[in-house]
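So the sequence shown is residues 132 to 323, counted in the working numbering.
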Amino acid sequence: MGQVYLGFRSLLFKIAVFVVMAALLAWALGGTLWPRVAMRTVGDPVMGGSVVLVDQIGGDRSSYGLAILDSDGEIGSVAPSVTDPASEVWLEALAPVSDPRGEAAAVAYRRDSGWVVLRFERIMATDGVGRSPASWPPGNDDLAFHLEVDSRLEAARILDEFRQGRSIESSSSTDQSTGTEVDATGDASSAG
132 MGQVYLGFRS LLFKIAVFVV MAALLAWALG GTLWPRVAMR TVGDPVMGGS
182 VVLVDQIGGD RSSYGLAILD SDGEIGSVAP SVTDPASEVW LEALAPVSDP
232 RGEAAAVAYR RDSGWVVLRF ERIMATDGVG RSPASWPPGN DDLAFHLEVD
282 SRLEAARILD EFRQGRSIES SSSTDQSTGT EVDATGDASS AG
């Protein structure tokens, strides 16, 4: 019975040495045994400092996304997340901007099919009203509006106009959420 005990003890010791050596090798090479997502913020936070654009790298994927900041300024949740293989990938993104009142924000990003400008409101408000960060990317509803544009330059122009007070919806001749056309006065008429 003593030989079996010595054999198991020797095996456990060899496994422990192997794990320690593997961890030291991973540390020496600048990595880790358990990969994690690396994130950095891009631009200034908007919506009262609660939303920021992040560049995230995880595994073999890299994507931009919007992050919700907690009260300490730490990144809470990110959408779309690089760790979710089913989520959309933002290949490029322009830093989000707020409207003059600070009630809404907009961000532009490029996906495989082209550039999109997204206006959003009330993300995870302190009173519990608004959109859960898990519901990203939002659809066309009362809290968000998507506008597909042709180029990065046009997306940047729309963001600049939004920052100055012009609505994103007026940048498009057709409201994509309802299929109505918008005239110069901002009145909508049914396209039909």
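Idealized CB from N, CA, C, for every residue including glycine.
Annotation: residue 199 to residue 137 spans about 54 Å, alpha carbon to alpha carbon. For the pair residue 146 and residue 156, the Cα-to-Cα distance works out to about 15 Å.
Residue 210 carries a strand assignment under DSSP once its states are collapsed to helix, strand and coil. For residue 186, the enclosing beta strand (DSSP E) stretches over residues 182-189. With 16 or more other Cβ atoms inside 10 Å of its own Cβ, residue 187 counts as buried.
In the three-state scheme derived from DSSP, where H, G and I count as helix and E and B as strand, residue 244 is classed as coil. If you check the CB distance, residue 197 and residue 210 come in under 8 Å. In chain order, 230, 231 place their CB closer than 7 Å to the CB of residue 296, counting only its own chain and leaving out the 5 sequence neighbours on each side. The beta carbon of residue 226 sits closer than 8 Å to the beta carbons of 173, 174, 175, 184, 238 from its chain, once the five residues preceding and following it are set aside; these are given in chain order. Inter-residue distance for residue 134 and residue 148 is about 21 Å (C-alpha atoms, whole angstroms). Shown here, residue 146 sits in a helix according to DSSP, grouped into three states. Within its own chain, the residues whose Cβ lies closer than 6 Å to the Cβ of residue 171, once the five positions on either side in sequence are excluded, are 186, listed in chain order. Apart from sequence neighbours up to five positions away, the residues of its chain that approach residue 178 with a beta-carbon distance below 6 Å are 236, ordered along the chain.
Within the DSSP bridge table, the entry for residue 221 names 195 as partners. Taking the Cβ atoms as the reference, residue 213 lies roughly 5 Å from residue 194, within the contact range of under 8 Å.
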